[in-house]
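Asker: Residue numbers (numbering that gives the first Met the number 0): 0 to 627.
Input: one structure, supplied below.
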Amino acid sequence: MQQSSPLFKMKSSNKILLLLLSALMAGNLSAKGIGDDKSRALSFPVEDVVLQPSWVQQRESLNIAWMKSLDADRLLHNFRVNAGLPSSAEPLGGWEAPYIGLRGHFVGHYLSAASSVVRKYGDSFLHDRLDYMVAELAKCQSALGDGYLSAFPATDFDVLEKVFGGVWAPYYTYHKIMQGLLDVYRNTGNRQAYDILLGMADYVDRRMSRLDEATISKMLYTVQANPSNEAGAMNEVLYELYAISHDEKHLKLARIFDRDWFLRPLAANEDILSGLHANTHLVLVNGFAEGYDRTGNPLYYDAVSNFWEMLLSAHAYVNGSSSGPRPNATTPTSLTSEHWGLPGHLGNTLTREIAESCVSHNTQKLTAHLFTWTRNPKYADAYMNTFYNAVMALQNHETGACVYHLPLGSPRQKKYLDSQADFKCCNGSSIEAFSLLNNNIYFHSGDTLWVNQYIPTLLNWKDRRVSLTQTGDLLRDHKAGITLSMKKSSKLVLRLFIPSWSKQTAIFVNGERAGTGTPGSFFTLQRKWSDGDRIEIRFDFGFRIEPMPDDDRTIAVFYGPMLLAFQSPDEIWLKGSASDVVSGLKVTDAQNLVFSLDDGGTTYRLKPLFEVTDEPYSVYVRTRKLTE
């Protein structure tokens, strides 16, 4: 894989534009809103953190290979047909089929993911492909006129405005395309993508300006099971656009999609999640987060922070993901998947279709956003859990294929989407997630660096003229190393995240013991650093049991940060209590991450959920005795 600067293939004008955009988004220039608040921990531009050889990098490589395997003209087919332009390409399948209302949504995901890869690695193949796709989309927009661009007809919006449903989520798909174009512009400097985006925003503005508030309220009231009027994260992309354009029109549009019926109860810490379609409303909250960044309105801050607490404490499974059956609804799909239930009631939701992949990705995204605001280690802890046990578990590490749902019951089996034929929302979210595996490992503010994840990486901390190389295999060797490189010694503050599961974490600097980290906190190293200084963190791995919040007899097993899956085609009932289970667990093969449980004469084999491919498994299992 090419790892040179992403700027190497770009025209000079695009290089300058991208550098300005990078500085703006990093808070180094004055932006609309409060994104440059110095009390925050700032994330690094994607090109400044490069994955080094590891199993995580292998997962990234699988994702990139899949993106390259897709045919650009097939991706563009429905856009061309809708615009009345010729296309001889074979249509995509799944929800991209020519007769499906969501057609076009995957292209938005693809643009976002591919542009991230281009920015990180300067990948010439994907760079040229993006330029081609954007140019062809511009032709489609021109043929359609009025700034409109989609793979479905504009009449879908007409229907939505009159009957408030009856078509499948036109704003959801429109958002994906807008977000993809915005990401292409931010990541590659392609001005044509930005111009298309402005036209699309103008089109939405004209549509909304014709509608009264009563009509908009009905159109965007998304409380029914599996809502066909799902609007995606229109508020999020419009707030992000406003940060660049400074056009008040985009701010006004973003606020239209916020929806007070959802925002204000969350701000008042009222849990209204029961019965709602999870990803429909989770992405709205991501939009609220952008709203706070751009306006500083505390209503958004309260809504986001309150939502996260109620989600993780009362609606999420042990891996940090959520969404499950909605038993009180009458539609067949609502009985199996994708909703939030009553707070704390999860024990009876373990169907084969829970923990939607989109939800995992968007929860991870929200958690990282909250860390930038607060620097609170609880968000680093939650992010690590979601990273290993929700997001990484979505992908088949042999083929690169991803799942729609991640079953957690007993026994279960992953069902992978056909990577060349079955295009759904979740393989779109997954290609974005796996194109951003280098994100949120490090954060910075002034002379302070937070290390939140322990993954082999090369960090270029440009502001401090320092680079860090992180090495080690956390999961197998239980340690991580950090080596600093600099031309001139410098005073820096390093805050090393100590996960809550590591009870005795030892930190060494240049071979000398520097202290012991407190679980669920940051260990601070403040000193004048020199070139070649090395830090080593030794983690304390152990087994632990996490019970279902409403059922002490239903448990899940962890080893360090890893959620383990029992390898068995049968439903599993364990004989003892939680303490009996812990005492019977052992490491069988540390390098291959294989574990075993002696359960009163019966031996079970376990391995991390992210290592499971096609075989049957169980995550949550039952015990005969109550947990202690």
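Ideal Cβ positions, reconstructed from N, Cα and C, are used throughout, including at glycine.
Please read these numbers as outputs of a predicted model, since none were measured by experiment.
Alpha carbon to alpha carbon, what distance is there between residue 235 and residue 253?
Answerer: Spanning the two alpha carbons is a distance of roughly 7 angstroms.
Asker: Which of helix, strand or coil does DSSP assign to residue 544?
Answerer: Note: residue 544 maps to strand in three-state DSSP.
Asker: Please state the DSSP three-state secondary structure of residue 228.
Answerer: Three-state DSSP puts residue 228 in coil, outside helix and strand.
Asker: If I measure Cβ to Cβ from residue 439 and keep anything under 6 angstroms in the same chain, skipping five residues before and after, which residues do I get?
Answerer: Result list for residue 439: 367, in chain order.
Asker: Between residue 321 and residue 87, what straight-line distance do the alpha-carbon atoms span, to the nearest angstrom?
Answerer: Spanning the two alpha carbons is a distance of roughly 41 angstroms.
Asker: So which of 571, 314, 619, 369 has the shortest CA-CA distance to residue 301?
Answerer: If we check each option's Cα against that of residue 301, 369 comes out closest.
Asker: List the residues that DSSP assigns as beta-bridge partners of residue 104.
Answerer: Residue 104 is not bridged to any residue.
Asker: Give me the residue from 417, 404, 384, 587 with the minimum Cα distance to residue 559.
Answerer: Per the Cα distances, 384.
Asker: Quick one: measure Cβ to Cβ for residue 195 and residue 140, integer angstroms, because I've assumed they're closer than 8 angstroms.
Answerer: Contact holds; Cβ gap of about 6 angstroms.
Asker: Please state whether the Cβ-Cβ distance between residue 573 and residue 612 is less than 8 angstroms.
Answerer: Going by C-beta atoms, residue 573 is not nearer than 8 angstroms to residue 612.
Asker: Could you give the DSSP three-state label for residue 611: helix, strand or coil?
Answerer: Three-state DSSP puts residue 611 in coil, outside helix and strand.
Asker: Excluding the 5 residues flanking residue 315 on each side, which residues of the same chain have their C-beta closer than 7 angstroms to its C-beta?
Answerer: These residues qualify, in order along the chain: 321.
Asker: Buried or exposed: residue 329, going by 16 or more other Cβ atoms within 10 Å of its Cβ?
Answerer: Under this definition residue 329 is an exposed residue.
Asker: Can you tell me whether residue 40 is helix, strand or coil according to DSSP?
Answerer: Coil, per DSSP.
Asker: With DSSP as the reference, identify every bridge partner of residue 307, one or two as the case may be.
Answerer: Answer by DSSP bridge pairing: none, since residue 307 is not bridged.
Asker: Expressed to the nearest angstrom, what Euclidean distance is found between the alpha-carbon atoms of residue 490 and residue 565?
Answerer: If you take the alpha carbons of residue 490 and residue 565, they lie about 48 angstroms apart.
Asker: Do the region 36–47 and the region 377–394 make contact, defined as three or more Cβ pairs closer than 8 angstroms?
Answerer: With the cut-off at 8 angstroms, the region 36–47 and the region 377–394 do not touch.
Asker: Please name the residue in 530, 143, 448, 179 whose C-alpha comes closest to that of residue 496.
Answerer: Closest option to residue 496, Cα to Cα, is 448.
Asker: Under 8 angstroms between the Cβ atoms of residue 117 and residue 187?
Answerer: A contact, by the Cβ cut-off of 8 angstroms.
Asker: Is residue 249 near the ligand NAP, going by C-beta to nearest heavy atom under 7 angstroms?
Answerer: Looking for the ligand NAP in the displayed structure turns up nothing, as the structure carries no ligands at all.
Asker: Any chance you could list the alpha helix (DSSP H) runs of at least 4 consecutive residues sitting entirely within the region 240–284, in chain order?
Answerer: With a minimum length of 4 residues, the continuous alpha helix (DSSP H) runs that stay inside the region 240–284 are 247–255, 259–266.
Asker: So that I know if they touch, is there some Cβ in chain D lying closer than 8 angstroms to that of residue 300?
Answerer: Any reference to chain D falls outside this structure, which holds one protein chain only.
Asker: So, does the region 338–345 touch the region 397–411, judging by three or more C-beta pairs under 8 angstroms?
Answerer: Contact fails: fewer than three Cβ-Cβ distances are below 8 angstroms.
Asker: How about the region 530–543 and the region 496–506: do they share at least three Cβ pairs that are nearer than 8 angstroms?
Answerer: With a cut-off of 8 angstroms, the region 496–506 and the region 530–543 count as touching, because enough Cβ pairs lie within range.
Asker: Going by DSSP, what residue range makes up the beta strand (DSSP E) through residue 217?
Answerer: Residue 217 -> not in any beta strand (DSSP E); alpha helix (DSSP H) instead, spanning 212–218.
Asker: Do the region 90–103 and the region 148–164 touch if we need at least three Cβ pairs shorter than 8 angstroms?
Answerer: Yes: the two stretches touch, three or more of their Cβ pairs being nearer than 8 angstroms.
Asker: Thinking residue 146 and residue 198 are a contact (beta carbons under 8 angstroms), I'd like their distance in whole angstroms, please.
Answerer: Going by Cβ atoms, the distance from residue 146 to residue 198 rounds to 3 angstroms, so yes, they are a contact pair.
Asker: I'd like to check one pair, residue 282 with residue 225: are the Cβ atoms closer than 8 angstroms?
Answerer: It is not a contact, given that the beta carbons lie outside the stated cut-off.
Asker: Return the chain-ordered list of same chain residues with a C-beta closer than 8 angstroms to the C-beta of residue 532, the five sequence neighbours on each side being excluded.
Answerer: The residues are 482, 483, 508, 509.
Asker: What's the gap between the Cα of residue 365 and the Cα of residue 264?
Answerer: If you take the alpha carbons of residue 365 and residue 264, they lie about 18 angstroms apart.
Asker: Kindly indicate the opening and closing residues of the alpha helix (DSSP H) around residue 200.
Answerer: Per DSSP, residue 200 belongs to the alpha helix (DSSP H) from 190–208.
Asker: Can you name the start and end residues of the alpha helix (DSSP H) that residue 123 belongs to?
Answerer: That run of the alpha helix (DSSP H) goes 123–143.
Asker: In terms of DSSP beta bridges, what is residue 404 paired with?
Answerer: Paired residue(s): 355.
Asker: Which same chain residues, not among the five before or five after residue 131, have their C-beta less than 8 angstroms away from its C-beta?
Answerer: Around residue 131: 71.
Asker: In whole angstroms, give me the CA-to-CA distance for residue 24 and residue 581.
Answerer: Caution applies to residue 24, whose pLDDT of 47 falls short of 50 and renders its modelled position unreliable; the model cannot decide the point.
Asker: If you run the structure through DSSP and keep just helix, strand and coil, what is residue 470?
Answerer: Of the three classes helix, strand and coil, the one that applies to residue 470 here is strand, per DSSP.
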